[in-house]
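Going by the numbering used here, the letters in the sequence shown line up with residues 15 to 202, in that order. No residue lacks a Cβ here, since even glycine has one placed at the ideal position from N, Cα and C. It should be emphasised that the depicted structure is a prediction, and the values quoted were computed from it without experimental measurement. Below: one structure, written as C-alpha cells.
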Amino acid sequence: MGLMLEAFDAVPEAAVPAVPPGWTEGWRAGHEEGLAEGRRAAEAEGRVLGHALAESLQVAAFSFAEARALVLAALGPLFARVADSLLPALAAQALGPWLATLVVQAARDDLACPLVLGVHPSQAEAVRPWLPAGAPYRLVEDPDISPGSARLALGEGECALDLEGCLAALRDVFAALQQPQDQKARHG
Numbered sequence: 015m016g017l018m019l020e021a022f023d024a025v026p027e028a029a030v031p032a033v034p035p036g037w038t039e040g041w042r043a044g045h046e047e048g049l050a051e052g053r054r055a056a057e058a059e060g061r062v063l064g065h066a067l068a069e070s071l072q073v074a075a076f077s078f079a080e081a082r083a084l085v086l087a088a089l090g091p092l093f094a095r096v097a098d099s100l101l102p103a104l105a106a107q108a109l110g111p112w113l114a115t116l117v118v119q120a121a122r123d124d125l126a127c128p129l130v131l132g133v134h135p136s137q138a139e140a141v142r143p144w145l146p147a148g149a150p151y152r153l154v155e156d157p158d159i160s161p162g163s164a165r166l167a168l169g170e171g172e173c174a175l176d177l178e179g180c181l182a183a184l185r186d187v188f189a190a191l192q193q194p195q196d197q198k199a200r201h202g
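Next up, the structure:
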C-alpha cells in the first residue's frame, strides 16, 4: 500500500459565531459616543493650550515693552544732555572749520568772484580764526542769520548752512526714540 497524505485542498468551513441581535447597533452607538467624547476632550485641551499660549505671548510682549521703556527711561537724560549740551557745542565748534573748507573750495573754483560769508554777529569772532588768510572772501555780520547758521554767496549763487536745523532734526530723532512703542504703532 502506498503512502497516504493528507489532502489540503478542501477547506473546512470555519465556525463563525453568530452576532447576537442588537449588538452591532450598540457597538456603533458606543463608538460614536466615545468619538464625540474624545473630540470634546481634544477641543477643551486646545482651548486650554490656546489660552496658555495667548497668556505667554502677552507676558513676553509686556516684558519687551517694559524692558524697552526702562532702557529708554534710563537713556532719556543722556539723550537730553546730548541734544541740549553736546550737539550745540559741537555745532558751534564745527561752524568755523566747515566755513573754512567752503572758502578754500570756492577760492579754487572761482577766483574772479569774492565769496561773501554771512554769519550772526555772535559767531563772527569764533569763525574768523578758521578762515584762511589771503583767500578772496568777505565776512559779513548779519543779525538776520540765526546763530549756528551761515549764508555763502558767490557771484549769482547762494548757499545756506543751517546747523540749528540739523540740531532740531537730531532732537526730533531722540524724541522719537523715547516715544512709547504703542504710540508709534498707532500713529505711524
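Checklist entry - Just to confirm, are alanine 114 and proline 146 a CB contact at a threshold of 8 Å? => result Mapped onto the sequence shown, residue 114 falls at position 100. Mapped onto the sequence shown, residue 146 falls at position 132. Taking 8 Å as the Cβ cut-off, alanine 114 and proline 146 qualify as a contacting pair.
Checklist entry - Can you check whether the CB of leucine 166 is closer than 8 Å to the CB of leucine 191? => result As a first step, residue 191 is located in the sequence shown; it is residue number 177 there, counting from the start. As a first step, residue 166 is located in the sequence shown; it is residue number 152 there, counting from the start. It is not a contact, given that the beta carbons lie outside the stated cut-off.
Checklist entry - Where DSSP assigns a beta bridge to aspartate 186, which residues make up the other side? => result Counting from one through the sequence shown, the residue named residue 186 turns up at place 172. None; aspartate 186 has no bridge partner.
Checklist entry - How about the segment 159-174 and the segment 63-76: do they share at least three Cβ pairs that are nearer than 8 Å? => result no
Checklist entry - In angstroms, rounded to a whole number, what distance separates the CA positions of proline 34 and arginine 42? => result Sequence index remark: in the sequence shown, residue 34 carries index 20 (1-based). Sequence index remark: in the sequence shown, residue 42 carries index 28 (1-based). Each residue's alpha carbon lies about 14 Å from the other.
Next on the checklist: Would glutamate 155 and alanine 138 qualify as a contact pair, given that the criterion is a beta-carbon distance under 8 Å?
Outcome noted: On the sequence shown, residue 155 is found 141 positions in, with the first residue counted as 1. On the sequence shown, residue 138 is found 124 positions in, with the first residue counted as 1. Taking 8 Å as the Cβ cut-off, glutamate 155 and alanine 138 qualify as a contacting pair.
Next on the checklist: Within the continuous alpha helix (DSSP H) that includes arginine 142, where are the two ends?
Outcome noted: Counted from its first residue, the sequence shown places residue 142 at position 128. Segment: none, arginine 142 is in no alpha helix (DSSP H) and carries neither H nor E.
Checklist entry - Of the residues Arg142, Leu101, Val141, which one's Cα is nearest the Cα of valine 187? => result In the sequence shown, residue 187 corresponds to position 173, counting from 1. Minimum Cα distance to valine 187 is reached at Leu101.
Checklist entry - Got a sec, what are the start and stop residues for the alpha helix (DSSP H) valine 85 sits in? => result Within the sequence shown, numbered from 1, the residue matching residue 85 stands at position 71. Where valine 85 is concerned, the enclosing alpha helix (DSSP H) stretches over 37-95.
Checklist entry - In terms of DSSP beta bridges, what is glycine 132 paired with? => result In the sequence shown, counting from the first residue as 1, residue 132 sits at position 118. Looking at the DSSP assignment, glycine 132 forms a beta bridge with Val154, Arg165.
Item to check | Proximity below 8 Å, CB of alanine 97 to CB of glycine 162 | outcome: Translated into the one-based positions of the sequence shown, residue 97 becomes position 83. Translated into the one-based positions of the sequence shown, residue 162 becomes position 148. Result no, Cβ atoms of alanine 97 and glycine 162 do not sit closer than 8 Å.
Checklist entry - Which two residues bound the contiguous beta strand (DSSP E) that contains aspartate 176? => result Translated into positions along the sequence shown, residue 176 becomes position 162. Segment 171-176, the beta strand (DSSP E) holding aspartate 176.
Item to check | Rounded Cβ spacing between glycine 110 and alanine 140 (contact assumed at less than 8 Å) | outcome: On the sequence shown, residue 110 is found 96 positions in, with the first residue counted as 1. On the sequence shown, residue 140 is found 126 positions in, with the first residue counted as 1. That pair is a contact at about 6 Å.
Checklist entry - Would DSSP call leucine 19 helix, strand or coil? => result Here residue 19 refers to the residue found at position 5 of the sequence shown. Note: leucine 19 maps to coil in three-state DSSP.
Checklist entry - Hey, out of Glu57, Arg152, Gly132, whose CA is closest to proline 159's CA? => result Taking the first residue of the sequence shown as 1, we reach residue 159 at position 145. The question names proline, yet the displayed sequence has isoleucine at residue 159. Closest by alpha carbon: Gly132.
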